[in-house]
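For the record, the sequence lines run as chains H and C. Residue 341, in our numbering, is where the first sequence stops; the numbers in between run on with no holes. Residue 305, in our numbering, is where the second sequence stops; the numbers in between run on with no holes. Each residue gets a CB set at the ideal place from its N, CA and C atoms; glycine is no exception. To start, the structure itself, in structure tokens.
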Amino acid sequence: MPIGFGIGVSHGPGMYLKTESDWNRAWELLSLDRGVPQPASVELEDGPKLREYISRIDAGHAELKRQFDLYDPDICIIIGGDQNEMFDRSNVPQLMFFLGEREKAEYPGGPMPAKGQPYSPRMSNLPPMDIDIDVEFSKWLLDKLVKQEGFDIAFSYEAKPLARGHGLSHAFGNPASYLFEGNNTPTVIIYENTFDAPSLSAKRCYDLGAAIARLTRHDPRKIAIVGSGGLNHDPGGKRSGWIDEPMDRWFLEQLAQGNGRATQALYTFDSDTMVAGTGETRAWITTAGAMEEMGSRATILDYMPVAKGVTGLGLAYWLTDQQEHAVAAE
Amino acid sequence: MLSLVLATSNAPSLYRDKRDWLRLYESQLTEGIPAPRELAAETDEVLDDHLTRIKHAQAALQERLGSVRPDALVVIGYDDGVMFNRVQVPQFCTYTGAEMTGSSAIAALGEAVEDHKVTLKCNPEMAWEIHRELIDREFDMSYMSVQNPQGRPEWGASSAFLYPGASFLDGLDIPLIPVLINCRVDPMPSGGRCLDFGTALGQILDGLPQKFAVMAVGGLSHDPNGARAGWVDERLDRFVMDRAVRRGNAQRLRQMFDLESDAIQGGTGQIRTWLAAAAAAESVKARGQIIDYIPSYRAITGLGFAAWTV
């Protein structure tokens, strides 16, 4: 079977924090300590509200996991970006396939840094997870994308982080931390430059997803595709805490209508709203391109514009018609 | 403005005297592959003639650059295993550093890395502008702004840039903008993709206010240490130069890498750089001229030199 299930999910470190005090600490580190004037909405994000967000995130993760397990994919393609983890200035690709057989990734949800320490995505103290890669399938797909479809995709046989990272970037480890619990689905790891300008156009990202879906149309295996990151956020930046909610809601509406092509308008102009973490929305666009090629529309599970979490948090999934019938029949 | 396009082969023999040619030849053979008959015809007199023609060809490239005096030279090259190995191999990569350093020493001649240090002056500002424009046109360019060679670090950078940089480009004082095309590790971009890249590059450069030249480095047919080591596919080389240079019809070569074949393996894959340069030239309607073509069996390479003038 071709691609039959897709996920678009934010992966911000805040999503893995379980207490109000951790959330408030993150907010301090990312926004307040940097002197960024905050939007009025932070006033509404009191204890009960934060607890509500934490509960909604948990429920969203649980539902994605439930749908993932129901679909039970043979292969999971994960699209994600890098933030000075794998790549330093010596070699920054727009697109890259990782072709090692197995690589480590750290769990999210680490302790918040103490007062006075700078913020960086904190990884858990748990030993890192192993992510398996279906190298044969990855190479096959890479070959077709480069030679037939004209995508200029770099590739690496070794995960040799040249910057501050360990193993695969958090964009891959974070969703894997709950989706792969209890299974070890072989993956295709696709880096997309979501962070380091200049980067891919939204159209390019969409076209890549569509090409992946077309190429895998006759594969007998069940294939899932996960776009990790987004939505609108500028953590620690000029607009930390300010979330372009109209853009996020418009974006999700297009995906819900199966109109993901319209998201090509993103990144066509330079703006404070299009850069930094918002660049990660590209991973969703690639997923939408693949799922819409299969005739699917997104189910938006939840959207939370969390000022203290500095991120518009989105959780969504796609099922193709065949899959919806299969689930209904169960 | 794009004012000049050039193309040159890059065999190590181009940069050394006749007495080094035999050692170079032996270092690039593959055991069990006999030499073609043509090798025997390369007497001392023939080699002298080849060397003279090489010097003239390089002088011609130098002279054209000297008379056009571009603000920068975009060098379309390839990695020879120095910069990338199995770690992060890009299909297309813009070098955006201020300088490119390395060694043009030839290991096969026992030359020491320290004795042939090269520093090539580049132009980051122009490189970034070109890089941005290429991405805007949907070429998924990697960039490299500092050197961190993963293959053979002691050499610093690819000979595609260092050899010409240390020889006929030296003294011209023209900043370089190195651009790499993956010509070595599968999967590599198709001929069509390289042509489209060249067309986009030509259009971008022609639309900028500065004066640019482009030079492809690599090719033509050669397969050092490979299945056809020592054999020169003259028929292929002449076809490429005829279509891409003389007739201004590089598009005719669109499908040349869309199959598996011994004929396009090894160093012959570097013809991709010629396709890109030819397409850039055609985008500004430049007229191509074959400067020389020397099928050198002692250098195990079809040595080509070409120029397109606007």
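- Verify the CB distance criterion: does residue 172 (chain H) have a CB-CB separation below 7 angstroms to chain C? Chain C places no beta carbon closer than 7 angstroms to that of residue 172 (chain H), leaving this residue out of the contacts.
- residue 223 (chain C) burial status per 10 Å Cβ neighbour count (16 or more: buried): Answer is buried; the Cβ neighbour count reaches 16.
- Among C:68, C:156 and C:54, which one has its Cα closest to the Cα of residue 98 (chain C)? For the residues C:68, C:156 and C:54, the minimum Cα distance to residue 98 (chain C) belongs to C:156.
- Query: Can you name the residues of chain C whose CB is closer than 7 angstroms to the CB of residue 157 (chain H)?
  - Reply: Those within 7 angstroms of residue 157 (chain H) in chain C are 86, 182 and 184.
- Spatially closest choice to residue 281 (chain C) from C:230, C:197 and C:289, by CA coordinates: Ranking C:230, C:197 and C:289 by Cα distance to residue 281 (chain C) puts C:197 first.
- C-beta contact flag for residue 113 (chain H) and residue 85 (chain H) at 7 angstroms: Not in contact: residue 113 (chain H) and residue 85 (chain H) (Cβ atoms no closer than 7 angstroms).
- Environment of residue 306 (chain C) [buried if 16+ CB atoms lie within 10 Å]: Outside the modelled stretch of chain C, which goes from -4 to 305, sits residue 306 (chain C), for which no answer is possible.
- Can at least three beta-carbon pairs, one atom from the segment 227 to 240 of chain C and one from the segment 7 to 18 of chain C, be found at a separation below 8 angstroms? The segment 227 to 240 of chain C and the segment 7 to 18 of chain C do not touch, with fewer than 3 CB-CB distances between them shorter than 8 angstroms.
- Measure the C-alpha to C-alpha separation of residue 104 (chain C) and residue 266 (chain C) and round it to an integer number of angstroms. Note on geometry: alpha-carbon atoms of residue 104 (chain C) and residue 266 (chain C) lie some 26 angstroms from one another.
- Message: Can you check which of these residues, C:40, C:22 and C:48, is closest to residue 286 (chain C) by C-alpha distance?
- Response: The residue with the shortest Cα to Cα distance from residue 286 (chain C) is C:48.
- Query: Hey, quick one: how far does the beta strand (DSSP E) through residue 284 (chain C) stretch, first residue to last?
  - Reply: Counting along the chain, the unbroken beta strand (DSSP E) around residue 284 (chain C) starts and ends at 282 to 291.
- Message: Could you tell me which whole alpha helix (DSSP H) segments of length 4 or greater appear in the segment 110 to 173 of chain H?
- Response: Counting only runs of 4 or more, we get 146 to 158.
- Message: Can you pull the chain H neighbours of residue 284 (chain C), defined as C-beta to C-beta under 9 angstroms?
- Response: None at all; the shortest Cβ gap to chain H is about 31 angstroms.
- Message: Taking 8 angstroms as the limit between beta carbons, can you name the residues of its chain near residue 76 (chain H), skipping five residues before and five after?
- Response: Hits under 8 angstroms: 189, 190 and 192.
- Answer yes or no: do residue 287 (chain H) and residue 248 (chain H) have a C-beta to C-beta separation smaller than 7 angstroms? Residue 248 (chain H) is positioned such that its CB atom lies closer than 7 angstroms to that of residue 287 (chain H).
- Message: Please report the distance separating the alpha-carbon of residue 97 (chain H) from that of residue 115 (chain H).
- Response: Those two C-alpha atoms are separated by around 12 angstroms.
- Using a Cβ-Cβ cut-off of 7 angstroms, state whether residue 104 (chain H) counts as contacting chain C. By the rule that beta-carbons nearer than 7 angstroms mark a contact, residue 104 (chain H) touches chain C.
- Task: Count the other C-beta atoms from every protein chain shown that fall within 10 angstroms of the C-beta of residue 110 (chain H), then say buried if there are 16 or more, exposed otherwise.
- Result: Using a 10 angstroms sphere on the CB of residue 110 (chain H), the tally of other CB atoms reaches 16 or more, which defines it as buried.
- Straight-line CA distance for residue 132 (chain C) to residue 201 (chain H)? Answer to the nearest angstrom: the Cα atoms are 21 angstroms apart.
- Item | Same chain, Cβ closer than 7 angstroms to residue 42 (chain C), neighbours up to 5 away in sequence not counted | Cβ neighbours of residue 42 (chain C) beyond the five flanking positions: 13, 16 and 293.
- Whose Cβ in chain H lies nearer than 8 angstroms to the Cβ of residue 143 (chain C)? Residues of chain H passing the Cβ test: 99, 101, 102 and 173.
- Query: From the beta carbon of residue 23 (chain H), is the nearest beta carbon of chain C less than 7 angstroms away?
  - Reply: No, residue 23 (chain H) lies away from the interface with chain C (no Cβ there is under 7 angstroms from its Cβ).
- Query: Can you list, in chain order, the residues of the segment 188 to 218 of chain C whose Cβ is nearer than 8 angstroms to any Cβ on chain H?
  - Reply: If the cut-off is 8 angstroms between Cβ atoms, the segment 188 to 218 of chain C has 188 and 191 near chain H.
- Task: Identify whether residue 139 (chain C) lies in helix, strand or coil by the three-state DSSP scheme.
- Result: Here residue 139 (chain C) sits in strand by DSSP.
- residue 33 (chain H): which of H:294, H:308, H:269 and H:120 sits nearest, CA to CA? When only C-alpha atoms are compared, the closest one is H:120.
- Query: For residue 268 (chain C), which of helix, strand or coil comes out of DSSP?
  - Reply: The answer is helix: DSSP assigns residue 268 (chain C) an H, G or I state.
- Message: With the cut-off set at 7 angstroms, would you say residue 67 (chain C) and residue 159 (chain C) are in Cβ contact?
- Response: Contact flag unset, no.
- For residue 137 (chain H), I'd like the list of residues in its chain whose CB is within less than 7 angstroms of its CB, leaving aside the five on either flank, ordered along the chain. Here the set comprises 118.
- Message: As a quick exercise: from H:36, H:172, H:47 and H:181, pick the residue whose alpha carbon is nearest that of residue 124 (chain H).
- Response: Out of H:36, H:172, H:47 and H:181, the CA that lies nearest to the CA of residue 124 (chain H) is found in H:36.
- Contacting positions in the segment 63 to 91 of chain C - beta carbon closer than 9 angstroms to chain H: Within the segment 63 to 91 of chain C, the residues whose Cβ lies closer than 9 angstroms to some Cβ of chain H are 78, 79, 80, 81, 82, 83, 84, 85, 86, 87, 88 and 91, listed in chain order.
- According to the neighbour-count rule (16 or more other Cβ atoms, all chains shown, within 10 Å of its Cβ), is residue 264 (chain H) buried or exposed? The residue is exposed, with fewer than 16 neighbouring Cβ atoms inside 10 Å.
- Query: From residue 266 (chain H) to residue 220 (chain H), what distance separates their C-alpha atoms?
  - Reply: One Cα belongs to residue 266 (chain H), the other to residue 220 (chain H), and the distance between them is close to 14 angstroms.
- Message: For residue 262 (chain H), tell me which candidate among H:289, H:245, H:281 and H:250 has the shortest Cα-Cα distance.
- Response: For residue 262 (chain H), the nearest C-alpha among the options comes from H:289.
- Message: With the cut-off set at 7 angstroms, would you say residue 106 (chain H) and residue 164 (chain H) are in Cβ contact?
- Response: Between residue 106 (chain H) and residue 164 (chain H), the C-beta spacing is below 7 angstroms.
- Interface positions of the segment 107 to 134 of chain C facing chain H (Cβ-Cβ less than 8 angstroms), listed along the chain: Listed by position along the chain: 126, 127, 130, 131, 133 and 134.
- Message: I'd like to know if residue 301 (chain H) contacts chain C, where contact means its C-beta is closer than 7 angstroms to some C-beta of that chain.
- Response: Interface flag for residue 301 (chain H) against chain C is unset, since no Cβ pair is found closer than 7 angstroms.
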